[in-house]
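Numbering (the working numbering), first residue to last: 2 to 118. Glycine included, every Cβ here is placed at the ideal spot set by N, Cα and C. Quick caveat: nothing in here was measured; it's all calculated off a predicted structure. What follows is a short report on a single structure.
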């Protein structure tokens, strides 16, 4: 069975739909990967915090080195977990809208000033 022939406009819409569908699938894969990373980081953070509580009262030099290492790892994990809130992708559209409309406002201001003054 042959697929029906499509006009140029219908074919273009079909290609755009396929492209949009691929982009959504890629975004979903990226989101799943990020979710798994966040879950693993949270689990690791909990483990390190528990270990930190266990070692906190010890005065041995080896324990002090381990405490320092745990604190550094916790800082890295906190940074990774916080980075999930902000990314260039999430800020890109508002940034360019602010640039566009801010620039438009400046141009309109100059025009009004030149007309009025």
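Item                                                                                                                                                                                               : Value
Measuring only the C-alpha atoms, how far is residue 22 from residue 78?                                                                                                                           : 33 Å
Starting from the C-beta of residue 56, find all residues in its chain whose C-beta is less than 7 Å away, skip the five residues before and the five after it, and write them out in chain order. : 64, 67, 68
Am I right that residue 39 and residue 82 are in contact with their C-beta atoms under 8 Å? What's the rounded C-beta distance?                                                                    : 6 Å
According to DSSP, simplified to helix, strand and coil, what is residue 115?                                                                                                                      : helix
By DSSP, does residue 15 sit in helix, in strand, or in coil?                                                                                                                                      : helix
Closest to residue 45 by CA distance: which of 107, 61, 116, 73 is it?                                                                                                                             : 73
Can you tell me whether residue 61 is helix, strand or coil according to DSSP?                                                                                                                     : coil
Quick one: residues in its chain with C-beta nearer than 8 Å to the C-beta of residue 28, no 5 flanking neighbours on either side, listed in chain order?                                          : none
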